[in-house]
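K.L.:
This note's numbering runs 37 ahead of the 1-based position in the sequence shown.
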Amino acid sequence: MLSTEREPCMIRFALLPLFIIFVGSAFVFPAWAPAAFTPVLELSLKQAEQAATASSGQLQAVESERDAQAERTTAQYSLLWPKLSFEASYRYQTDVASIPQPSGARIPLGDHGSYSIGPVLNWTVVDFGSSREAWNSSKSVLAAKGMDSAAAKKQLLYQLRAVYFRTVLSSAQMKLVQDSLKLAEAQYKDIRNRRSAGSSSQIDALSSHKEVLSLQREFRQARSDLSQSTRDLLSLVNLEDPTESIRLESLSDLSAQFQTSSANRVVTADTAAHPRIQALAFQAEAQSQAASGIRAGLLPRIHLSAKASYDYPNGPVLERIQQNTVGVNLSLPLFELSRTRAEAAEKSALAQATEFRRIQAQVDLARDVVKAKDLLESLREQKDILTTTTQETAELAALVYESYKAGRSGYLEVQSANLRALDARVQAARNEVQILMQLALLENLTDEK
38 MLSTEREPCM IRFALLPLFI IFVGSAFVFP AWAPAAFTPV LELSLKQAEQ
88 AATASSGQLQ AVESERDAQA ERTTAQYSLL WPKLSFEASY RYQTDVASIP
138 QPSGARIPLG DHGSYSIGPV LNWTVVDFGS SREAWNSSKS VLAAKGMDSA
188 AAKKQLLYQL RAVYFRTVLS SAQMKLVQDS LKLAEAQYKD IRNRRSAGSS
238 SQIDALSSHK EVLSLQREFR QARSDLSQST RDLLSLVNLE DPTESIRLES
288 LSDLSAQFQT SSANRVVTAD TAAHPRIQAL AFQAEAQSQA ASGIRAGLLP
338 RIHLSAKASY DYPNGPVLER IQQNTVGVNL SLPLFELSRT RAEAAEKSAL
388 AQATEFRRIQ AQVDLARDVV KAKDLLESLR EQKDILTTTT QETAELAALV
438 YESYKAGRSG YLEVQSANLR ALDARVQAAR NEVQILMQLA LLENLTDEK
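1) Roughly how many whole angstroms lie between the Cα atoms of residue 391 and residue 385?
2) Do you know offhand how far residue 124's Cα is from residue 346's?
3) Below 8 Å on the Cβ atoms is my contact criterion, and I expect residue 466 with residue 430 to pass it. Report the Cβ-Cβ distance as a whole number of Å.
4) Using DSSP with H/G/I as helix, E/B as strand and the rest coil, what is residue 138?
5) Nearest to residue 90 by alpha carbon, out of 197, 480, 172?
6) What's the gap between the Cα of residue 381 and the Cα of residue 328?
7) Starting from the N-terminal side, write out each stretch of the beta strand (DSSP E) that is 3 residues or longer and does not extend beyond the segment 87–134.
8) So is residue 181 in contact with chain C if we call contact Cβ pairs under 8 Å?
9) What is the rounded straight-line gap between the Cα of residue 272 and the Cα of residue 93?
10) How would you write the range of the beta strand (DSSP E) that residue 425 sits in, first residue to last?
11) Starting from residue 143, follow the beta strand (DSSP E) in both directions and report where the run begins and ends.
12) Could you give the first and the last residue of the continuous beta strand (DSSP E) run that contains residue 337?
13) In whole angstroms, give me the CA-to-CA distance for residue 209 and residue 190.
14) How would you label residue 311, buried or exposed, when you count the other beta carbons within 10 angstroms and need 16 or more for buried?
15) Residue 147 and residue 344: beta carbons closer than 8 Å?
16) How far does the alpha helix (DSSP H) with residue 167 in it reach, from first residue to last?
17) Can you find the residues in the same chain that come closer than 6 Å, C-beta to C-beta, to residue 237, ignoring five residues on each side of it along the sequence?
18) Compute the Euclidean distance between the alpha carbons of residue 266 and residue 426, then round it to the nearest angstrom.
19) I need the straight-line Cα distance from residue 163 to residue 403, nearest angstrom please.
20) Short of 8 Å in beta carbon distance, which residues of its chain neighbour residue 135, apart from the five on each side in sequence? Order them along the chain.
21) Tell me where the beta strand (DSSP E) around residue 275 begins and ends.
22) Can you tell me whether residue 369 is buried or exposed? The criterion is at least 16 other CB atoms within 10 Å of its CB, across all chains shown.
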């Protein structure tokens, strides 16, 4: 009797350590704790734009060229002003000229060593605008470089937005295919159960399984497309493959944000204000100004120089003196086989060619703007149709499957309805992204005011 009473106690004491371990593990590893935590990298469109503009090598190269031209313009401007420099010269000669005297002695007219040291001022007083036109031409080139930088930034932002939207579309397509795959797997499981119960045929089971396999292939392809688009996006924002998962803005958020900002933006129809057109206009102006500067070289040029120096010797007197010198020089080309005229004509022809390119580029730009607006209007009209189609095809797919379970429809109709529902959702997502693409294209093609 005593041993019988001790057995429950011994069992309780034996189970006590296991109970303590179980309770302790409940506090250390709670049931609600996730198996692994995956960090997420948030990358909004605005953040991507800032990262791309900050890290783009092409944009930095264009801006460096603009800075280089700014320095060149400063150097060209300095030619309009006098130049003050310090000069020093030394000369040694073995034979010194001398004057013979009646006594037989000779008076030297200098010394073996001679030197001159002091500041020199040089200034082109009159060149009939040659230097000033060269400076004006350099300023116009600088303005053209600034427009090139603005155009390059607009093009970079358009390229980034296109890749960002394409990545969002790939993500949305993968999610839609994944949802359709889950539905197909659930239907396949239901059909197998019905097959076991004898209310469904082997043909329906095989057809359902074929649909599952097809969607699995589409899902893997969609995942591959998303991977490629993501790599393109990371390359533009100068990010290596991160260990975190990338989370972009949703398609609905992008549509609301981008279309609202575009609706509030007044876009001018004057394509002449586009940076690309402005750059060509400044280039033509720079070449025309360069032609004027070269043409001024046919006229006289007056150059003034002034020097204050210490010279040794003072002629035949071997002493150092302080010498002040002022000189005026006039030059006029008389014969050069039309070199200056030919160079000026070359610049004028280049200016005319650049002007023709500007006119043609403006015509092409206006045409592209009209085409983009027409396509945008068409896509917006299709949006309402696709929204209705998406709702109705989803409802139809559910009704057809219920009809199939009731024995009033074949599984082929179920497959067809599911395919139409998936296609409608994908087409709606593509239409939304195409609208965003056209809005981004219009912003790239036009100037905003």
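Cβ coordinates follow ideal geometry from the N, Cα and C atoms, glycine included.
Quick caveat, the model's predicted, so the values are computed rather than measured.
P.N.:
Taking the coordinates as given:
1) 10 Å
2) 9 Å
3) In fact, because the Cβ distance is near 14 Å, the residues do not count as touching under 8 Å.
4) coil
5) 197
6) 4 Å
7) 120–129
8) Looking for chain C here will not work: only one protein chain is present.
9) Straight-line measurement puts the Cα of residue 93 at about 10 Å from the Cα of residue 272.
10) Run containing residue 425: none in the beta strand (DSSP E); it sits in the alpha helix (DSSP H), 376–442.
11) 143–145
12) First-last for residue 337: undefined, no H or E at that position.
13) 28 Å
14) buried
15) no
16) Here the alpha helix (DSSP H) through residue 167 covers 167–234.
17) 228, 231
18) 28 Å
19) 46 Å
20) In chain order, 143, 144, 145, 146 place their CB closer than 8 Å to the CB of residue 135, counting only its own chain and leaving out the 5 sequence neighbours on each side.
21) Careful: residue 275 lies outside any beta strand (DSSP E) and carries neither H nor E.
22) By the neighbour-count rule (16 or more Cβ atoms within 10 Å), residue 369 is not buried but exposed.
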